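Trainee:
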Ligand code: GLN
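In the working numbering, the protein residues as written are 1063 to 1622.
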């Protein structure tokens, strides 16, 4: 054989060995969750609920999300476009559905759990530039689909998980989703139906004029998927009315799935009730059956039910004002709103959120807009729009002993407010809003000054924070060392540490490696805390964020 032939043979043997290693020796099973008919059906919640049920049955499950947009990650997206950008421990800026996965499963996600078309293409194009394709024409099929498949199976490598659930963003029929559907088709063929199933989430609309539930849109969306070679194994049907048995049979018959694979998903009172609804509907059972896996322990979900009960029957209500500039879009503050639900349940009270647009808050209307609140939260954000309204609200909270919690930009505004109104630095500001301020209380770190590219270059992910004993922070966490997640460029300027301390500000949390300020608080106030980090990202149903719990408790105490 010539050298060239040898190379080809070795290459082939190696590829076959790799295929065997990944496909046959791996025990990981794959579930793909697709969506049809319309967007916003709640694929993320269904995927998270299914993962939760598999988790309590004893399976190690994880979820990942594949988004068909061209941004490399959602980090550069305006919150109005795509809602909150969720941050993981390893500093990935990701889709907000990853927040749901963590809140449901209580297991951290990472960069690998969120893939976009932009990231896939970036990787393939970089490889092409390196000459890795050896003169081949680089094409959507097979190069892009191969890269999608590689990433779809990445979390399953080394049998780290028994089940990997992949949520595909977009809706069946979208042009941009086609390479993902093709990748799923190939994986199903390569791995076999026992190792790879598709759960399709669809809508059964109710026509009130006809008083009828309609199955045709579902039939069409299944047909669309099938045209692309993927036939769903399970259908989860979102509906406002119960699906009676004959209708389920009709859906099963015309969509060509087994009758037990038609799952009803009625609108639920809370996203946290969905795992229990899916348990009743046996979504987990049908998936395990199709994957030929034992059912494991019957799910009990005692803690979860206890949490839901507290949510359903609160003993009191507190009203928290959420001061932000993206308040028109609730998804922009998703993790904060969810953290309040978790913290409310612990305090056995309902947290009612009053959205207050920071741009509309002035010295004249502050009292009228804020006086009925039991607590004030100033939200994270970027840029100068609405900044003065935030500072006004903080002053009001500080001077009137209203519990205050500032997150990231909210903490920075609290420092600016203190600088201006307590220490008398009347033009104090952040250099983000005023590059020439004589008192840059908040400024850019040296490393950040060199940065010209915006994507993925903030201070991102988990950083350590040492807690000063005897502070509100210490009381909330009951720990000396914590780690919380960050997403910002600007920091408290340590040149002002002494002036602030002399003025009565307490620096209760500090990063041990850099000396950067992590949290500030006031001691003579019932609750005045600002955190440079985002505690909301780590709040889960069974592990609520301590600062949210303490803040809600303070709001409750004020109300009482
Ligand atoms: N804009 C501020 C910064 O970059 C705060 C960011 C935030 O609130 N997430 O530092």
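Positions of the beta carbon are idealized from the N, C-alpha and C atoms, including for glycine. Bear in mind the structure is a predicted one, so any value in this text is a computation, not a measurement.
Could you check the C-alpha separation between residue 1456 and residue 1465 for me, to the nearest Å?
Mentor: The sequence position of residue 1456 within the chain shown is 394, counting from 1. The sequence position of residue 1465 within the chain shown is 403, counting from 1. For residue 1456 and residue 1465, the distance between alpha carbons rounds to 10 Å.
Trainee: For a minimum of 4 consecutive residues, which ranges assigned as the alpha helix (DSSP H) are wholly contained in the segment 1186 to 1219?
Mentor: 1207 to 1216
Trainee: According to DSSP, is residue 1080 part of a helix, a strand, or is it coil?
Mentor: In the chain shown, counting from the first residue as 1, residue 1080 sits at position 18. Caution is warranted here: a pLDDT of 49 is assigned to residue 1080, below 50, making its placement in the model unreliable, and the coordinate value is therefore given only provisionally. Of the three classes helix, strand and coil, the one that applies to residue 1080 here is helix, per DSSP.
Trainee: In this structure, does DSSP put residue 1402 in helix, strand or coil?
Mentor: Start at 1 with the first residue of the chain shown, and residue 1402 comes out as number 340. Three-state DSSP puts residue 1402 in a helix.
Trainee: Considering only heavy atoms of the ligand GLN, does any lie closer than 6 Å to the CB of residue 1552?
Mentor: Taking the first residue of the chain shown as position 1, residue 1552 is located at position 490. Residue 1552: yes, Cβ under 6 Å from the ligand GLN.
Trainee: In its own chain, which residues sit with a C-beta less than 6 Å from the C-beta of residue 1611, not counting the 5 before and 5 after it?
Mentor: Counted from its first residue, the chain shown places residue 1611 at position 549. Here the set comprises 1405, 1408.
Trainee: Please indicate yes or no: does the CB of residue 1141 lie closer than 6 Å to some heavy atom of the ligand GLN?
Mentor: Here residue 1141 refers to the residue found at position 79 when the chain shown is read from its first residue. It does not: the Cβ of residue 1141 is nowhere closer than 6 Å to a heavy atom of the ligand GLN.
Trainee: Determine the DSSP secondary structure at residue 1613, reduced to helix, strand or coil.
Mentor: Start at 1 with the first residue of the chain shown, and residue 1613 comes out as number 551. Three-state result, residue 1613: helix.
Trainee: How do the segment 1378 to 1386 and the segment 1409 to 1421 stand: do at least 3 beta-carbon pairs fall below 8 Å, yes or no?
Mentor: yes
Trainee: At a threshold of 6 Å, does residue 1443 count as lining the ligand GLN (C-beta to nearest heavy atom)?
Mentor: By 1-based counting over the chain shown, the position of residue 1443 is 381. Yes; taking the cut-off as 6 Å, the Cβ of residue 1443 has a heavy atom of the ligand GLN nearer than that.
Trainee: So, are the CB atoms of residue 1439 and residue 1458 less than 7 Å apart?
Mentor: By one-based count along the chain shown, residue 1439 stands at place 377. By one-based count along the chain shown, residue 1458 stands at place 396. Cβ atoms of residue 1439 and residue 1458: not closer than 7 Å.
Trainee: Compare the beta carbon distance of residue 1500 and residue 1489 with 7 Å and say whether it is the shorter of the two.
Mentor: Numbered from 1 along the chain shown, position 438 holds the residue referred to as residue 1500. Numbered from 1 along the chain shown, position 427 holds the residue referred to as residue 1489. Going by C-beta atoms, residue 1500 is nearer than 7 Å to residue 1489.
Trainee: Sort out for me which residues DSSP pairs residue 1324 with in a bridge.
Mentor: Within the chain shown, numbered from 1, the residue matching residue 1324 stands at position 262. DSSP lists 1297 as partners of residue 1324.
Trainee: Given a cut-off of 7 Å on the beta-carbon distance, is the pair residue 1310 and residue 1298 in contact?
Mentor: By 1-based counting over the chain shown, the position of residue 1310 is 248. By 1-based counting over the chain shown, the position of residue 1298 is 236. Contact: no.
Trainee: Alpha carbons only, please: which of 1280, 1355, 1322 is nearest the one belonging to residue 1344?
Mentor: The residue labelled residue 1344 in the question sits at position 282 within the chain shown. Ranking 1280, 1355, 1322 by Cα distance to residue 1344 puts 1322 first.
Trainee: Which of helix, strand or coil does DSSP assign to residue 1182?
Mentor: Reading the chain shown from its first residue, position 120 is the one you call residue 1182. Helix at residue 1182.
Trainee: Can you give me the C-alpha to C-alpha distance between residue 1306 and residue 1162, rounded to a whole angstrom?
Mentor: As a position in the chain shown, residue 1306 is number 244, starting the count at 1. As a position in the chain shown, residue 1162 is number 100, starting the count at 1. Approximately 30 Å, taken between the alpha carbons.
Trainee: Do you know how far the Cα of residue 1241 is from the Cα of residue 1207?
Mentor: As a first step, residue 1207 must be located in the chain shown, where it is residue number 145. As a first step, residue 1241 must be located in the chain shown, where it is residue number 179. Separation of residue 1207 and residue 1241 (C-alpha to C-alpha, rounded to the nearest whole angstrom) is 6 Å.
Trainee: For residue 1084 and residue 1223, what's the separation of their Cα atoms in angstroms?
Mentor: On the chain shown, position 22 is the one that residue 1084 refers to. On the chain shown, position 161 is the one that residue 1223 refers to. At residue 1084 the pLDDT is 49, less than 50, meaning the model places this residue with poor confidence and gives no usable figure here.
Trainee: State the Cα-Cα distance for the pair residue 1578 and residue 1416, rounded to the nearest angstrom.
Mentor: Your numbering for residue 1578 matches position 516 in the chain shown. Your numbering for residue 1416 matches position 354 in the chain shown. One C-alpha to the other measures close to 32 Å.
Trainee: Residue 1101 to residue 1225, Cα distance in whole Å?
Mentor: One-based indexing of the chain shown puts residue 1101 at position 39. One-based indexing of the chain shown puts residue 1225 at position 163. Here the alpha carbon of residue 1101 sits roughly 25 Å from the alpha carbon of residue 1225.
Trainee: From residue 1290 to residue 1244, what does the alpha carbon distance come to, in whole angstroms?
Mentor: As a first step, residue 1290 must be located in the chain shown, where it is residue number 228. As a first step, residue 1244 must be located in the chain shown, where it is residue number 182. Their Cα atoms are separated by approximately 7 Å.
Trainee: Leaving aside the five residues before and after residue 1617 along the sequence, list all residues of the same chain whose C-beta is less than 7 Å from its C-beta, in chain order.
Mentor: On the chain shown, residue 1617 is found 555 positions in, with the first residue counted as 1. For residue 1617, where only same-chain residues beyond five positions count, the Cβ hits under 7 Å are 1380, 1382, 1436, 1437, 1465.
Trainee: Distance, Cα to Cα, residue 1392 vs residue 1354?
Mentor: Counted from its first residue, the chain shown places residue 1392 at position 330. Counted from its first residue, the chain shown places residue 1354 at position 292. Approximately 40 Å, taken between the alpha carbons.
Trainee: Could you give the first and the last residue of the continuous beta strand (DSSP E) run that contains residue 1262?
Mentor: To locate residue 1262, count along the chain shown from 1; it is residue 200. Run containing residue 1262: 1258 to 1265, per the beta strand (DSSP E) assignment.
Trainee: Any heavy atom of the ligand GLN inside 6 Å of the beta-carbon of residue 1471?
Mentor: Residue 1471 sits at position 409 when you count from the first residue of the chain shown. Result yes, Cβ under 6 Å from the ligand GLN.
Trainee: Considering only C-alpha positions, which residue in the set 1576, 1239, 1217, 1122 is nearest to residue 1178?
Mentor: As a first step, residue 1178 must be located in the chain shown, where it is residue number 116. Minimum Cα-Cα distance from residue 1178 among the listed residues 1576, 1239, 1217, 1122 corresponds to 1239.
Trainee: I need the DSSP call for residue 1253, collapsed to helix, strand or coil.
Mentor: Here residue 1253 refers to the residue found at position 191 of the chain shown. Residue state for residue 1253 is assigned as helix, using DSSP reduced to three classes.
Trainee: Which runs of the alpha helix (DSSP H) fall wholly inside the segment 1515 to 1587 and span at least 4 residues, in chain order?
Mentor: 1534 to 1539, 1559 to 1565, all fully within the segment 1515 to 1587.
Trainee: For residue 1563 versus residue 1572, is the C-beta distance shorter than 7 Å?
Mentor: Working through the chain shown from its first residue, we reach residue 1563 at position 501. Working through the chain shown from its first residue, we reach residue 1572 at position 510. Contact: no.
Trainee: Within its chain, find whatever has a CB closer than 6 Å to the CB of residue 1205; leave out the 5 residues flanking it on each side and keep chain order.
Mentor: Here residue 1205 refers to the residue found at position 143 of the chain shown. Close CB contacts of residue 1205 within its chain, under the 6 Å cut and outside five residues either way in sequence, are with 1186 (chain order).
Trainee: Applying the criterion that 16 or more other CB atoms from any shown protein chain within 10 Å of the CB defines a buried residue, is residue 1265 buried or exposed?
Mentor: Against the chain shown, residue 1265 aligns to sequence position 203. When all chains shown are included, residue 1265 counts as buried.
Trainee: Within the present structure, is the beta-carbon of residue 1620 separated from the nearest heavy atom of the ligand GLN by less than 6 Å?
Mentor: Mapped onto the chain shown, residue 1620 falls at position 558. No, the ligand GLN has no heavy atom inside 6 Å of this Cβ.
Trainee: What does the alpha-carbon distance come out to for the pair residue 1089 and residue 1221?
Mentor: The residue labelled residue 1089 in the question sits at position 27 within the chain shown. The residue labelled residue 1221 in the question sits at position 159 within the chain shown. For residue 1089 and residue 1221, the distance between alpha carbons rounds to 6 Å.
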